[in-house]
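Take 26 as the starting number for the sequence shown in the working numbering and just add one per residue.
Cβ coordinates follow ideal geometry from the N, Cα and C atoms, glycine included.
Each remark here refers to the structure printed beneath this line.
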Amino acid sequence: MHVSKALNVKEIYVVAFSYGGIIVLNMIRDIGLEFMNRVKKICFIDSVHDINKHLGDDKMFEHGLEFIARVGTHFRVSNTPTGSILPYRTRDGCSSLSAGSEVHELSPNACRDFVFIEFETEEPILVNNMYYKMMLVGILLTIFILRYSWQHIE
């Protein structure tokens with residue numbers, strides 16, 4: 026959040042790979058509305074998060090649940106084509122799609138095109154007849170994807 030404030034960035038797009046999902050939920054819990062008001066979309070990629078364990082149990086929990094359901098998508102490892110709808114899991118708190126790889130370490134690369142397409146769309150889109158709506162942070166990979174950030178850095 027410090028980086029986005031310094032750059033005066035109003036919209037943040039988050040990619041949370043593996044343990045990064047837990048970090049994102051901790052940010053929701055600890056920073057709260059300041060974080061949620063700036064984050065436009067979150068793509069979790071084979072995240073190990075569990076909303077029931079990591080969002081806390083206070084008033085922010087309900088706000089966090091609604092927020093994750095609205096802006097989040099979890100790309101999970103699967104042997105189905107990238108973007109295929111997977112069964113909903115309560116622990117994810119959002120829709121789940123196939124990352125297009127059965128290997129955890131390869132999943133970010135397998136679904137990266139879907140992540141960038143999602144970041145550019147306002148509404149969920151249809152790809153290969155599969156309805157999907159696609160989800161700052163990962164183990165050793167902490168990535169802020171800031172819309173128009175390069176236009177604002179001189």
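Cβ shell of residue i (< 6 Å), same chain only, five flanking positions each side left out
| i | result |
| --- | --- |
| Phe-69 | Ala-41, Gly-46, His-99 and Met-160 |
| His-74 | Gly-46, Ile-47 and Leu-50 |
Whole-number beta carbon distance between residue j and residue i, since they are thought to touch under 8 Å
| i | j | result |
| --- | --- | --- |
| Leu-80 | Leu-50 | 5 Å |
| Phe-86 | Met-61 | With a Cβ gap of about 13 Å, Phe-86 and Met-61 do not count as contacting. |
| Ala-94 | Thr-107 | Between Thr-107 and Ala-94 the Cβ distance is about 22 Å, and since that is not below 8 Å, they are no contact. |
| Glu-36 | Arg-54 | Rounded, the Cβ-Cβ distance is 21 Å, inconsistent with contact. |
Contacting residues, own chain, Cβ-Cβ under 8 Å from residue i (five flanking each side not counted)
| i | result |
| --- | --- |
| Leu-90 | Ile-76, Leu-80 and Gly-118 |
| Tyr-113 | Ser-120 and Ser-121 |
Check whether residue i and residue j have beta carbons under 9 Å apart
| i | j | result |
| --- | --- | --- |
| Ile-67 | Gly-97 | yes |
Inter-residue spacing [alpha-carbon to alpha-carbon] between residue i and residue j
| i | j | result |
| --- | --- | --- |
| Val-39 | Asp-82 | 23 Å |
| Asn-33 | Leu-111 | 37 Å |
| Glu-145 | Ser-109 | 19 Å |
| His-88 | Ala-135 | 31 Å |
Where the alpha helix (DSSP H) containing residue i begins and where it ends
| i | result |
| --- | --- |
| Lys-78 | 76–79 |
| Cys-136 | 132–145 |
7 Å Cβ shell around residue i - same chain, five flanking residues per side excluded
| i | result |
| --- | --- |
| Ser-132 | Ile-70, Asp-71, Phe-100, Val-102, Ala-124 and Ser-126 |
Host beta strand (DSSP E) of residue i (start-end)
| i | result |
| --- | --- |
| His-99 | 97–101 |
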